[in-house]
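In the working numbering, the protein residues as written are 0 to 382. Below is one structure, written out as C-alpha coordinates; comments come after it.
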(Lines of atoms letter the chains of each structure in order from A; the text may use other names.)
(Lines give C-alpha, C1' and ligand atoms only; values in the text may rest on other atoms or scores of the structure.)
Protein backbone atom coordinates (compact mmCIF):
# COMPACT_ATOMS: atom_id res chain seq x y z
CA UNK A 0 0.00 0.00 0.00
CA UNK A 1 1.37 3.45 -0.92
CA UNK A 2 1.95 6.06 1.77
CA UNK A 3 -0.02 9.29 1.31
CA UNK A 4 1.71 12.48 2.44
CA UNK A 5 -0.08 15.06 4.56
CA UNK A 6 0.14 17.56 1.70
CA UNK A 7 -1.49 15.11 -0.70
CA UNK A 8 -4.17 14.32 1.86
CA UNK A 9 -5.05 18.01 2.14
CA UNK A 10 -5.24 18.24 -1.65
CA UNK A 11 -7.84 15.51 -1.92
CA UNK A 12 -11.38 16.77 -2.45
CA UNK A 13 -13.76 13.88 -2.92
CA UNK A 14 -16.87 15.77 -3.94
CA UNK A 15 -20.40 14.96 -2.87
CA UNK A 16 -22.97 13.76 -5.36
CA UNK A 17 -25.17 16.79 -4.93
CA UNK A 18 -22.29 19.03 -6.06
CA UNK A 19 -22.18 17.45 -9.52
CA UNK A 20 -24.70 19.95 -10.89
CA UNK A 21 -22.43 22.85 -9.87
CA UNK A 22 -19.26 21.56 -11.53
CA UNK A 23 -18.04 22.81 -14.89
CA UNK A 24 -15.68 21.48 -17.51
CA UNK A 25 -13.23 24.09 -18.81
CA UNK A 26 -11.06 23.21 -21.81
CA UNK A 27 -8.95 24.96 -24.42
CA UNK A 28 -10.70 25.34 -27.79
CA UNK A 29 -7.89 23.39 -29.48
CA UNK A 30 -8.90 20.37 -27.37
CA UNK A 31 -12.57 20.89 -28.17
CA UNK A 32 -11.71 20.78 -31.89
CA UNK A 33 -9.34 17.82 -31.58
CA UNK A 34 -10.09 14.23 -32.61
CA UNK A 35 -11.01 12.08 -29.59
CA UNK A 36 -9.71 8.61 -30.47
CA UNK A 37 -11.61 6.83 -27.71
CA UNK A 38 -14.87 5.21 -26.77
CA UNK A 39 -17.80 7.02 -25.18
CA UNK A 40 -17.09 5.81 -21.63
CA UNK A 41 -13.45 6.92 -21.76
CA UNK A 42 -14.43 10.35 -23.09
CA UNK A 43 -17.09 10.85 -20.42
CA UNK A 44 -14.67 9.71 -17.69
CA UNK A 45 -12.09 12.21 -18.94
CA UNK A 46 -14.69 15.01 -18.93
CA UNK A 47 -15.81 14.09 -15.41
CA UNK A 48 -12.20 14.18 -14.21
CA UNK A 49 -11.64 17.58 -15.87
CA UNK A 50 -14.63 18.96 -13.99
CA UNK A 51 -12.69 18.31 -10.75
CA UNK A 52 -9.92 20.75 -11.71
CA UNK A 53 -10.02 24.11 -10.00
CA UNK A 54 -8.12 26.46 -12.33
CA UNK A 55 -7.55 28.90 -9.46
CA UNK A 56 -6.16 26.19 -7.17
CA UNK A 57 -4.28 23.85 -9.48
CA UNK A 58 -4.05 20.16 -8.53
CA UNK A 59 -0.76 18.97 -7.13
CA UNK A 60 1.01 16.45 -9.38
CA UNK A 61 -1.79 16.92 -11.94
CA UNK A 62 -3.94 14.67 -9.73
CA UNK A 63 -7.64 14.85 -8.88
CA UNK A 64 -9.81 12.61 -6.73
CA UNK A 65 -13.24 11.20 -7.47
CA UNK A 66 -15.75 9.28 -5.39
CA UNK A 67 -16.69 5.83 -6.70
CA UNK A 68 -20.30 6.57 -5.72
CA UNK A 69 -20.16 9.72 -7.80
CA UNK A 70 -18.55 7.86 -10.69
CA UNK A 71 -21.20 5.13 -10.74
CA UNK A 72 -24.02 7.64 -10.31
CA UNK A 73 -22.71 9.75 -13.19
CA UNK A 74 -22.73 6.71 -15.46
CA UNK A 75 -25.96 5.44 -13.88
CA UNK A 76 -24.47 2.00 -13.23
CA UNK A 77 -26.18 -0.15 -10.63
CA UNK A 78 -25.28 -3.74 -11.58
CA UNK A 79 -23.19 -6.01 -9.38
CA UNK A 80 -20.52 -6.13 -12.08
CA UNK A 81 -19.96 -2.35 -12.10
CA UNK A 82 -16.45 -2.61 -10.60
CA UNK A 83 -15.40 -5.04 -13.30
CA UNK A 84 -16.96 -2.86 -16.02
CA UNK A 85 -15.02 0.20 -14.95
CA UNK A 86 -11.77 -1.65 -14.53
CA UNK A 87 -12.13 -2.77 -18.14
CA UNK A 88 -13.12 0.73 -19.27
CA UNK A 89 -10.09 2.26 -17.52
CA UNK A 90 -7.72 -0.29 -19.03
CA UNK A 91 -9.07 0.42 -22.51
CA UNK A 92 -8.82 4.16 -21.89
CA UNK A 93 -5.18 3.94 -20.85
CA UNK A 94 -4.14 1.57 -23.64
CA UNK A 95 -6.13 2.96 -26.58
CA UNK A 96 -7.58 6.40 -25.84
CA UNK A 97 -5.83 9.55 -27.00
CA UNK A 98 -6.51 13.01 -28.45
CA UNK A 99 -5.16 14.11 -31.82
CA UNK A 100 -4.65 17.85 -31.48
CA UNK A 101 -3.82 20.27 -34.29
CA UNK A 102 -2.42 23.60 -33.10
CA UNK A 103 -1.81 26.63 -35.30
CA UNK A 104 1.79 27.77 -34.85
CA UNK A 105 3.70 30.55 -36.59
CA UNK A 106 5.59 28.08 -38.75
CA UNK A 107 2.56 25.94 -39.62
CA UNK A 108 0.32 23.29 -38.08
CA UNK A 109 1.67 21.33 -35.11
CA UNK A 110 0.26 17.85 -34.46
CA UNK A 111 0.08 16.18 -31.06
CA UNK A 112 -1.17 12.77 -29.93
CA UNK A 113 -1.78 12.77 -26.17
CA UNK A 114 -2.88 9.98 -23.83
CA UNK A 115 -4.79 12.19 -21.37
CA UNK A 116 -4.93 9.97 -18.24
CA UNK A 117 -1.98 7.59 -17.86
CA UNK A 118 -2.57 6.75 -14.18
CA UNK A 119 -5.70 5.70 -12.27
CA UNK A 120 -5.82 4.06 -8.82
CA UNK A 121 -8.67 2.66 -6.78
CA UNK A 122 -9.11 -0.13 -4.28
CA UNK A 123 -11.75 -2.27 -2.61
CA UNK A 124 -11.57 -0.75 0.88
CA UNK A 125 -12.52 2.92 0.34
CA UNK A 126 -14.59 5.12 -1.93
CA UNK A 127 -11.77 7.07 -3.54
CA UNK A 128 -10.51 7.03 -7.13
CA UNK A 129 -7.19 8.74 -7.90
CA UNK A 130 -6.80 10.14 -11.42
CA UNK A 131 -3.56 11.68 -12.67
CA UNK A 132 -3.53 13.68 -15.91
CA UNK A 133 -0.68 13.60 -18.39
CA UNK A 134 1.62 16.62 -18.16
CA UNK A 135 1.09 17.06 -21.91
CA UNK A 136 -2.70 17.47 -21.61
CA UNK A 137 -2.53 19.94 -18.69
CA UNK A 138 -1.79 23.07 -20.81
CA UNK A 139 -5.13 22.45 -22.54
CA UNK A 140 -6.86 22.38 -19.16
CA UNK A 141 -5.17 25.21 -17.24
CA UNK A 142 -3.34 27.61 -19.63
CA UNK A 143 -6.59 28.88 -21.07
CA UNK A 144 -6.38 32.70 -21.42
CA UNK A 145 -9.29 33.65 -23.73
CA UNK A 146 -9.51 30.59 -26.00
CA UNK A 147 -11.53 28.27 -23.82
CA UNK A 148 -14.97 26.71 -23.53
CA UNK A 149 -16.88 25.86 -20.38
CA UNK A 150 -20.07 23.92 -19.72
CA UNK A 151 -21.69 21.98 -16.89
CA UNK A 152 -20.58 18.36 -16.58
CA UNK A 153 -24.24 17.47 -15.96
CA UNK A 154 -24.91 18.47 -19.60
CA UNK A 155 -22.97 15.39 -20.73
CA UNK A 156 -24.40 12.94 -18.23
CA UNK A 157 -27.31 11.71 -20.34
CA UNK A 158 -25.55 11.84 -23.71
CA UNK A 159 -25.08 8.20 -24.63
CA UNK A 160 -23.21 8.58 -27.89
CA UNK A 161 -19.59 9.61 -28.38
CA UNK A 162 -20.72 11.68 -31.37
CA UNK A 163 -23.33 13.52 -29.27
CA UNK A 164 -20.64 14.46 -26.73
CA UNK A 165 -18.21 15.66 -29.39
CA UNK A 166 -20.85 17.68 -31.21
CA UNK A 167 -22.17 19.15 -27.94
CA UNK A 168 -18.67 20.36 -27.01
CA UNK A 169 -18.23 22.01 -30.42
CA UNK A 170 -21.65 23.69 -30.25
CA UNK A 171 -20.91 24.88 -26.69
CA UNK A 172 -17.61 26.38 -27.91
CA UNK A 173 -19.46 28.50 -30.46
CA UNK A 174 -22.34 29.45 -28.19
CA UNK A 175 -19.91 30.48 -25.43
CA UNK A 176 -18.37 32.94 -27.88
CA UNK A 177 -21.83 34.22 -28.83
CA UNK A 178 -22.60 34.93 -25.16
CA UNK A 179 -19.15 36.44 -24.55
CA UNK A 180 -19.25 38.94 -27.44
CA UNK A 181 -22.94 39.75 -26.86
CA UNK A 182 -21.94 40.81 -23.35
CA UNK A 183 -18.46 42.28 -23.89
CA UNK A 184 -18.79 43.68 -27.41
CA UNK A 185 -15.84 43.77 -29.79
CA UNK A 186 -17.58 42.11 -32.75
CA UNK A 187 -20.00 43.36 -35.37
CA UNK A 188 -23.61 42.21 -35.05
CA UNK A 189 -23.35 39.74 -37.93
CA UNK A 190 -20.15 38.26 -36.46
CA UNK A 191 -21.85 37.71 -33.10
CA UNK A 192 -24.82 36.04 -34.80
CA UNK A 193 -22.42 33.77 -36.70
CA UNK A 194 -21.36 32.24 -33.38
CA UNK A 195 -24.99 31.34 -32.66
CA UNK A 196 -25.35 30.00 -36.21
CA UNK A 197 -21.94 28.38 -36.74
CA UNK A 198 -20.96 26.77 -40.03
CA UNK A 199 -18.61 23.82 -40.51
CA UNK A 200 -17.72 21.77 -43.57
CA UNK A 201 -18.84 18.16 -43.67
CA UNK A 202 -15.18 17.17 -44.03
CA UNK A 203 -14.21 19.02 -40.82
CA UNK A 204 -17.19 17.57 -38.96
CA UNK A 205 -16.28 14.08 -40.07
CA UNK A 206 -12.73 14.70 -38.83
CA UNK A 207 -13.63 15.82 -35.31
CA UNK A 208 -16.23 13.03 -34.96
CA UNK A 209 -13.63 10.54 -36.26
CA UNK A 210 -16.01 9.30 -38.99
CA UNK A 211 -13.88 9.96 -42.08
CA UNK A 212 -14.01 6.26 -43.01
CA UNK A 213 -17.51 5.56 -41.66
CA UNK A 214 -20.76 5.84 -43.59
CA UNK A 215 -19.31 6.75 -46.98
CA UNK A 216 -22.74 7.81 -48.25
CA UNK A 217 -23.70 11.23 -46.91
CA UNK A 218 -27.34 10.28 -46.26
CA UNK A 219 -26.25 7.39 -44.01
CA UNK A 220 -23.79 9.62 -42.14
CA UNK A 221 -26.44 12.32 -41.78
CA UNK A 222 -28.97 9.84 -40.38
CA UNK A 223 -26.78 7.86 -37.99
CA UNK A 224 -24.28 10.49 -36.85
CA UNK A 225 -25.76 13.95 -37.24
CA UNK A 226 -29.49 13.47 -36.69
CA UNK A 227 -29.12 10.99 -33.84
CA UNK A 228 -26.58 13.22 -32.08
CA UNK A 229 -28.78 16.31 -32.34
CA UNK A 230 -31.79 14.34 -31.11
CA UNK A 231 -29.84 13.37 -27.97
CA UNK A 232 -28.54 16.92 -27.48
CA UNK A 233 -31.99 18.48 -27.87
CA UNK A 234 -33.58 15.99 -25.47
CA UNK A 235 -30.90 15.94 -22.78
CA UNK A 236 -29.04 19.28 -22.74
CA UNK A 237 -29.81 22.98 -22.37
CA UNK A 238 -29.48 23.49 -26.15
CA UNK A 239 -32.09 23.36 -28.88
CA UNK A 240 -30.26 22.85 -32.18
CA UNK A 241 -31.43 22.65 -35.78
CA UNK A 242 -29.35 22.71 -38.96
CA UNK A 243 -29.34 23.50 -42.68
CA UNK A 244 -27.35 21.76 -45.38
CA UNK A 245 -25.31 23.90 -47.76
CA UNK A 246 -24.64 22.50 -51.22
CA UNK A 247 -21.61 23.04 -53.40
CA UNK A 248 -22.50 21.77 -56.82
CA UNK A 249 -24.52 18.59 -56.30
CA UNK A 250 -22.90 17.60 -53.00
CA UNK A 251 -23.53 18.69 -49.41
CA UNK A 252 -20.48 20.81 -48.61
CA UNK A 253 -21.19 22.20 -45.16
CA UNK A 254 -23.65 22.39 -42.26
CA UNK A 255 -25.01 25.55 -40.63
CA UNK A 256 -26.28 24.96 -37.09
CA UNK A 257 -28.81 27.17 -35.32
CA UNK A 258 -28.41 27.15 -31.52
CA UNK A 259 -30.81 28.47 -28.91
CA UNK A 260 -30.65 27.91 -25.19
CA UNK A 261 -33.43 26.59 -23.00
CA UNK A 262 -34.31 28.31 -19.75
CA UNK A 263 -35.91 26.10 -17.13
CA UNK A 264 -38.41 27.67 -14.75
CA UNK A 265 -36.59 26.12 -11.78
CA UNK A 266 -33.09 27.10 -12.92
CA UNK A 267 -31.82 29.82 -10.60
CA UNK A 268 -28.18 29.53 -11.60
CA UNK A 269 -28.43 32.18 -14.30
CA UNK A 270 -30.34 34.88 -12.42
CA UNK A 271 -27.35 36.96 -11.33
CA UNK A 272 -25.62 36.47 -14.68
CA UNK A 273 -28.79 37.41 -16.57
CA UNK A 274 -29.20 40.55 -14.50
CA UNK A 275 -25.59 41.57 -15.10
CA UNK A 276 -25.91 40.72 -18.77
CA UNK A 277 -29.11 42.75 -19.18
CA UNK A 278 -27.67 45.77 -17.37
CA UNK A 279 -24.49 45.63 -19.45
CA UNK A 280 -26.51 45.18 -22.63
CA UNK A 281 -28.69 48.21 -21.87
CA UNK A 282 -25.60 50.28 -21.07
CA UNK A 283 -23.90 49.14 -24.28
CA UNK A 284 -27.01 49.90 -26.37
CA UNK A 285 -27.34 53.38 -24.85
CA UNK A 286 -23.67 54.15 -25.49
CA UNK A 287 -23.94 52.81 -29.04
CA UNK A 288 -27.08 54.87 -29.71
CA UNK A 289 -25.23 58.06 -28.78
CA UNK A 290 -22.33 57.19 -31.08
CA UNK A 291 -24.68 56.32 -33.94
CA UNK A 292 -26.53 59.63 -33.56
CA UNK A 293 -23.23 61.52 -33.62
CA UNK A 294 -22.09 59.58 -36.69
CA UNK A 295 -25.33 60.29 -38.55
CA UNK A 296 -24.87 64.02 -37.94
CA UNK A 297 -21.15 64.03 -38.78
CA UNK A 298 -19.81 65.76 -41.87
CA UNK A 299 -17.44 62.82 -42.29
CA UNK A 300 -20.34 60.44 -42.94
CA UNK A 301 -21.46 62.69 -45.82
CA UNK A 302 -17.90 62.73 -47.21
CA UNK A 303 -17.72 58.91 -47.06
CA UNK A 304 -20.97 58.64 -49.01
CA UNK A 305 -19.79 61.18 -51.60
CA UNK A 306 -16.62 59.12 -52.12
CA UNK A 307 -18.58 55.83 -52.37
CA UNK A 308 -16.89 54.49 -49.25
CA UNK A 309 -20.19 54.16 -47.40
CA UNK A 310 -23.62 53.25 -48.72
CA UNK A 311 -27.05 54.23 -47.31
CA UNK A 312 -27.61 50.52 -46.63
CA UNK A 313 -24.43 50.32 -44.52
CA UNK A 314 -25.66 53.30 -42.52
CA UNK A 315 -28.37 51.04 -41.10
CA UNK A 316 -25.65 48.94 -39.43
CA UNK A 317 -25.54 50.51 -35.96
CA UNK A 318 -22.35 48.66 -34.97
CA UNK A 319 -20.58 49.97 -38.07
CA UNK A 320 -21.69 53.56 -37.53
CA UNK A 321 -20.78 53.45 -33.83
CA UNK A 322 -17.37 52.03 -34.77
CA UNK A 323 -16.74 54.83 -37.27
CA UNK A 324 -17.67 57.50 -34.73
CA UNK A 325 -15.57 55.95 -31.98
CA UNK A 326 -12.47 54.78 -33.88
CA UNK A 327 -12.23 56.60 -37.21
CA UNK A 328 -13.77 60.07 -37.00
CA UNK A 329 -11.44 61.23 -34.16
CA UNK A 330 -8.53 60.51 -36.54
CA UNK A 331 -10.19 62.63 -39.21
CA UNK A 332 -10.41 65.42 -36.61
CA UNK A 333 -6.63 65.16 -36.16
CA UNK A 334 -6.11 65.41 -39.93
CA UNK A 335 -8.49 68.35 -40.11
CA UNK A 336 -6.47 70.18 -37.45
CA UNK A 337 -3.35 69.73 -39.57
CA UNK A 338 -4.66 70.14 -43.15
CA UNK A 339 -8.20 71.49 -42.80
CA UNK A 340 -11.35 69.89 -44.16
CA UNK A 341 -9.85 69.91 -47.68
CA UNK A 342 -7.09 67.65 -46.38
CA UNK A 343 -9.68 65.14 -45.18
CA UNK A 344 -11.48 65.32 -48.54
CA UNK A 345 -8.25 64.65 -50.45
CA UNK A 346 -7.41 61.71 -48.19
CA UNK A 347 -10.84 60.12 -48.69
CA UNK A 348 -10.67 60.66 -52.45
CA UNK A 349 -7.33 58.86 -52.53
CA UNK A 350 -8.62 56.03 -50.32
CA UNK A 351 -11.63 55.61 -52.61
CA UNK A 352 -9.43 55.35 -55.72
CA UNK A 353 -7.16 52.74 -54.14
CA UNK A 354 -9.91 50.72 -52.47
CA UNK A 355 -9.75 46.97 -53.05
CA UNK A 356 -12.92 44.80 -53.12
CA UNK A 357 -11.86 42.89 -49.98
CA UNK A 358 -12.06 46.08 -47.91
CA UNK A 359 -15.84 46.12 -48.27
CA UNK A 360 -16.01 43.21 -45.86
CA UNK A 361 -14.99 45.47 -42.98
CA UNK A 362 -15.05 49.07 -44.15
CA UNK A 363 -14.52 50.54 -40.67
CA UNK A 364 -11.31 48.53 -40.20
CA UNK A 365 -10.11 49.55 -43.68
CA UNK A 366 -10.76 53.27 -43.08
CA UNK A 367 -9.12 53.13 -39.65
CA UNK A 368 -6.02 51.45 -41.04
CA UNK A 369 -5.82 53.96 -43.92
CA UNK A 370 -5.94 57.05 -41.72
CA UNK A 371 -3.57 55.55 -39.14
CA UNK A 372 -1.00 54.92 -41.88
CA UNK A 373 -1.46 58.40 -43.35
CA UNK A 374 -1.44 60.55 -40.19
CA UNK A 375 2.21 59.94 -39.19
CA UNK A 376 3.32 61.08 -42.67
CA UNK A 377 1.30 64.29 -42.38
CA UNK A 378 2.67 64.99 -38.90
CA UNK A 379 6.26 64.55 -40.09
CA UNK A 380 5.63 66.91 -43.00
CA UNK A 381 4.15 69.50 -40.70
CA UNK A 382 7.28 69.38 -38.53
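For every residue, glycine included, the Cβ atom is placed at its ideal position computed from N, Cα and C.
Could you check if residue i is buried or exposed, using at least 16 other CB atoms within 10 Å of its CB as the buried criterion?
i           : result
residue 211 : exposed
residue 379 : exposed
residue 246 : exposed
residue 330 : buried
residue 332 : exposed
residue 258 : buried
residue 369 : buried
residue 239 : exposed
residue 311 : exposed
residue 298 : exposed
residue 123 : exposed
residue 110 : exposed
residue 70  : buried
residue 188 : exposed
residue 295 : exposed
residue 176 : buried
residue 386 : A question about residue 386 goes unanswered here, because the residues of the chain that appear run from 0 up to 382.
residue 219 : exposed
residue 228 : buried
residue 248 : exposed
residue 339 : exposed
When the distance is taken between beta carbons, is residue j closer than 8 Å to residue i?
i           : j           : result
residue 99  : residue 202 : no
residue 27  : residue 166 : no
residue 147 : residue 61  : no
residue 325 : residue 366 : no
residue 57  : residue 152 : no
residue 288 : residue 319 : no
residue 302 : residue 334 : no
residue 232 : residue 208 : no
residue 200 : residue 236 : no
residue 31  : residue 168 : yes
residue 149 : residue 21  : no
residue 256 : residue 337 : no
residue 185 : residue 283 : no
residue 47  : residue 85  : no
residue 309 : residue 300 : yes
Reducing DSSP to helix, strand and coil, say where residue i ends up.
i           : result
residue 119 : strand
residue 27  : strand
residue 239 : strand
residue 394 : The requested residue 394 does not occur in the structure, where the chain is confined to residues 0 to 382.
residue 257 : strand
residue 244 : strand
residue 272 : The predicted model places residue 272 with a pLDDT of 44, which falls under 50 and marks its position as unreliable; any figure quoted below should be read in that light. Residue 272 falls in the helix class under three-state DSSP.
residue 33  : coil
residue 304 : helix
residue 312 : coil
residue 114 : coil
residue 160 : coil
residue 134 : coil
residue 198 : strand
residue 54  : coil
residue 228 : helix
residue 250 : strand
Could you spell out where the alpha helix (DSSP H) holding residue i opens and where it closes?
i           : result
residue 71  : 67-73
residue 383 : With the chain running from 0 to 382 in the structure shown, residue 383 is simply not present.
residue 45  : 39-49
residue 348 : 328-353
residue 362 : 362-381
Taking the beta strand (DSSP E) that residue i belongs to, which residues open and close that run?
i           : result
residue 148 : 147-151
residue 211 : Careful: residue 211 lies outside any beta strand (DSSP E) and carries neither H nor E.
residue 129 : 127-131
Confirm the yes/no value for this check: CB of residue i, any heavy atom of the ligand MG, distance under 7 Å.
i           : result
residue 361 : Questions concerning the ligand MG fall outside what the structure shown contains, since it holds no ligand whatsoever.
Three or more C-beta pairs below 8 Å linking the stretch 192-209 and the stretch 131-146: Taking one beta carbon from each stretch, the stretch 192-209 and the stretch 131-146 have fewer than 3 pairs nearer than 8 Å; the two do not touch.
Count the CB pairs spanning the stretch 123-136 and the stretch 63-75 that are closer than 8 Å, and state whether there are at least three. Flag = yes, the stretch 123-136 and the stretch 63-75 touch.
Count the CB pairs spanning the stretch 156-174 and the stretch 29-45 that are closer than 8 Å, and state whether there are at least three. In this structure the stretch 156-174 touches the stretch 29-45; the number of beta carbon pairs closer than 8 Å is three or more.
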